[in-house]
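**Q**
In the numbering used here, the protein residues as written are 112 to 205.
(1) On a CA-only basis, which of 125, 137, 170 is nearest residue 150? Give me that one, please.
(2) Report buried or exposed for residue 184, applying the criterion of at least 16 other Cβ atoms within 10 angstroms of its Cβ.
(3) Would you kindly work out how many angstroms separate the C-alpha atoms of residue 127 and residue 174, rounded to a whole number?
(4) Considering Cα atoms alone, identify which of 129, 152, 147, 148 is closest to residue 141.
(5) Does the distance from the CB of residue 117 to the CB of residue 171 come in under 8 Å?
Right, dumping it as structure tokens:
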């Protein structure tokens, strides 16, 4: 696993993962994120997100905005330590 800086190639991955049933419920704000709303948000804050990759496949994301940690792991990769890895890497880099 590695944590890489967010880039436009991952923007839709972040939005899709954030909107997934079972993931969305883990956030305080649970409304569906439209492409337009996401584009506005990610253009402003995208540099604050990191993507967890393994074998070229994105597995989750983590970011900190206004001292609020946002973390999500794709359901196919949950219970494998991905979230813990992302948080640990984020802490090490700050």
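Glycine residues also receive a C-beta, built at the ideal position from the N, C-alpha and C atoms.
**A** Reading off the structure:
(1) Locating residue 150 in the chain shown gives position 39, counting from the first residue. Ranking the options by Cα distance to residue 150, first place goes to 125.
(2) For the purposes of this step, residue 184 is taken as the residue at position 73 of the chain shown. By the 10 Å Cβ count, residue 184 comes out buried.
(3) Within the chain shown, numbered from 1, the residue matching residue 127 stands at position 16. Within the chain shown, numbered from 1, the residue matching residue 174 stands at position 63. Each residue's alpha carbon lies about 16 Å from the other.
(4) By 1-based counting over the chain shown, the position of residue 141 is 30. That would be 129, whose Cα lies nearest to the Cα of residue 141.
(5) Walking along the chain shown from the start, residue 117 turns up at place 6. Walking along the chain shown from the start, residue 171 turns up at place 60. No, they are not a contact pair.
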